[in-house]
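Structure first, commentary second.
Chains as they are written, first to last, in the working numbering: chain W, -12 to 205; chain G, -12 to 205.
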């Protein structure tokens, strides 16, 4: 039973994903992620990440028999390549400092075999950030969220509580006014350290567990 | 005809995606992205981004009739929320400087209504970076790639050429030894400026087109 990823090139045809999912469901495998696009050459590409595959060669063989299929390629999963994701939201002076701390620290871990990505969207506004937090549920491989601003609460705090109730997600907030510091797992005053600690909190190469700390504000 | 995103909560059941894609294909809509996961409450979540939807309410109604479905929620697409993506690959001193330039510049554009994300994975090694470049095809919403290192060529350059042949992608490289500078659209010596220019190159709020430049090395 393994997890693999495949990319299927097809002549553009609406029904083809339907036929492919039927085959995958026959093989009792789970699809965890798909991304579909039409390339410059007008061929459709269907990328699938599959879990619990028992008979991968038979599965690929059966998909290859569909008439719209041009080629099927097996490759590493996005988790193998881009690893765990730290997501940074916020605006102004702090957001790039958090990113700099996280990227520099991730470089030190990734060079030892870890795979950690640092994904940032600079955003301001309670509604905007709350919506971006809610949408985290729809992104793959998210392990930690860092909130990099100077005032966050209200809908943002509600959205963070919602996402935490559904996912195992470490939330780090800068030290700031607003209710977000009551909900975050860790409150860090220095933005560079906030980025560094987000990486330490999710890296298998680091000996640091947020839930083992005796206090959570630094 | 619009693009929308829906999240469907289901009692975990392998065949349900198969049934959902059948309905979507009946309505002649395209699926561009899906992400599936099992939440802490053991409910399955299926997030779908759909293109060319004509009869969204009828579609949702029909999906809701499937017996495994608990709820269906309509919401903004990931493109509306996280926007275009700039991807930064590379390691060492430069990678966090490129990220800092890009995040700071994206903050200035996003505050005026743009949505640009800056996604970074610090990585070293020809094989590793080449594999990460190839996998860009499997990520949604990628508009630009910045290569932040001190020596890149060989398999990395081949992978960049491959991805460029399939996608409209602006590639910016730091000025460095190696064949990457022969393939990149723009070669920038200062890492902070490389990040800033990646944002300017894809922002609708900036009046800057890479292909209008008389030279491409700065």
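Glycine included, C-beta positions come from ideal geometry on N, C-alpha and C.
All values derive from a computational prediction rather than experimental measurement.
Kindly indicate the opening and closing residues of the beta strand (DSSP E) around residue 106/G.
103 to 109
Jot down the residue ranges of each uninterrupted beta strand (DSSP E) in the segment 38 to 65 of chain G, minimum 3 residues, whole runs only, in chain order.
56 to 62
Determine the direct distance from the alpha carbon of residue 175/W to that of residue 162/W, and round the result to whole angstroms.
6 Å
Near residue 62/W, which residues of its chain fall below 6 Å by C-beta distance, leaving aside the five closest residues on each side in sequence?
-8
Where does residue 23/G sit, in a helix, a strand or coil, going by DSSP?
strand
Skipping 5 residues on each side, what residues in its chain have a beta carbon closer than 7 Å to that of residue 113/W?
141, 142 and 143
Identify the contact partners of residue 163/W in chain G, using a Cβ-Cβ distance below 9 Å as the criterion.
Simply none; closest approach about 17 Å.
Return helix, strand or coil for residue 18/W, following the three-state DSSP convention.
strand
Neighbour list for residue 109/G in chain W, Cβ cutoff strictly below 7 Å:
90, 93, 94 and 97
Residue range of the beta strand (DSSP E) that residue 77/G falls in?
71 to 77
Residue 178/W versus chain G: which residues are under 9 Å apart at the beta carbon?
Going along chain G, no residue has its Cβ under 9 Å from residue 178/W, so there is no contact; the nearest lies around 11 Å.
Just confirm the distance between the C-beta atoms of residue 4/W and residue 23/W, as a whole number of angstroms; I'd bet it's less than 8 Å.
7 Å
Determine whether the Cβ of residue 183/W lies closer than 8 Å to any Cβ atom of chain G.
no
With 8 Å as the threshold, decide whether the Cβ of residue 134/G is near any Cβ in chain W.
no
Use the C-beta contact count for residue 36/W: other C-beta atoms within 10 angstroms, 16 or more gives buried, fewer gives exposed.
buried
Looking at the structure shown, is residue 192/W part of a helix, part of a strand, or coil, going by DSSP?
coil
Within the 8 Å Cβ cut-off, does residue 21/G reach chain W?
yes
Report yes or no: is there a C-beta of chain G within less than 8 Å of the C-beta of residue 130/W?
no
In chain order, what residues of the segment 19 to 50 of chain G put their CB closer than 8 Å to some CB of chain W?
19, 20, 21, 22, 23, 24, 26, 27, 28, 32 and 34
Closest by CA to residue 180/G, which one among 83/G, 40/G and 88/G?
88/G
Which same chain residues end up closer than 6 Å to residue 206/W when comparing Cβ atoms and leaving out the 5 residues on each side of it in sequence?
Only positions -12 to 205 of chain W appear in the structure, and residue 206/W is not among them; the question remains open.
Going by the CB atoms, is the gap between residue 121/W and residue 150/W shorter than 8 Å?
yes
Count the other CB atoms, across all protein chains shown, that sit within 10 Å of the CB of residue 100/G; report buried if there are 16 or more and exposed otherwise.
exposed
So the candidates are 146/W, 12/W, 29/W and 130/W; which of them puts its Cα closest to the Cα of residue 43/W?
12/W
Quick check on the burial criterion: 16 or more other C-beta atoms within 10 angstroms. Buried or exposed for residue 92/W?
buried
Can you check whether the C-beta of residue 152/G is within less than 8 Å of a C-beta belonging to chain W?
yes
Apart from the five residues just before and just after residue 8/G, which ones in its own chain have a Cβ nearer than 8 Å to its Cβ?
18
Residue burial classification, residue 134/W (beta-carbon count within 10 angstroms, cutoff 16)
buried
Within 8 Å of any Cβ in chain W, is that where the Cβ of residue 106/G sits?
yes
Would you say residue 192/W reaches chain G, if we count a Cβ-Cβ gap shorter than 8 Å as a contact?
no
Could you check if residue 106/W is buried or exposed, using at least 16 other CB atoms within 10 Å of its CB as the buried criterion?
buried
Could you tell me the boundaries of the alpha helix (DSSP H) in which residue 11/W lies?
3 to 13
At the level of alpha carbons, what is the spacing between residue 85/G and residue 28/G?
40 Å
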